[in-house]
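Colleague:
In this note's numbering, the protein residues as written are 165 to 256.
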């Protein structure tokens, strides 16, 4: 493990955890990001988790970048694929 990383990669790191544990981990990651000036690459299918943790999103489709967007603008996206992802997440 790197002692003082600038970036940390998470690949579906919280997907199999209970919601209460997910929230605790996300809160810890936010705290660490602020206190240690970290940046994360957070790979997930969970849009709700990304909007809680991330400032910027990169949406991939078939292995290619479909859209790069600030999290705050996600629900205003003009991209049809991004809108489709958001709508599917809201079904659950």
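Every residue, glycine too, gets a C-beta built ideally from N, C-alpha and C.
Since the model is a prediction, treat every value here as computed from it, not as a measurement.
In this structure, does DSSP put residue 240 in helix, strand or coil?
Modeller: helix
Colleague: Using CA atoms only, rank isn't needed, just tell me which of 218, 228, 247, 225 is closest to residue 235.
Modeller: 218
Colleague: Thinking C-alpha only, which one of 184, 222, 226, 182 is nearest residue 238?
Modeller: 222
Colleague: Report buried or exposed for residue 178, applying the criterion of at least 16 other Cβ atoms within 10 angstroms of its Cβ.
Modeller: Buried, because 16 or more other Cβ atoms sit within 10 Å of the Cβ of residue 178.
Colleague: Which term fits residue 199, buried or exposed, when burial requires 16 or more other beta carbons within 10 angstroms of its beta carbon?
Modeller: exposed
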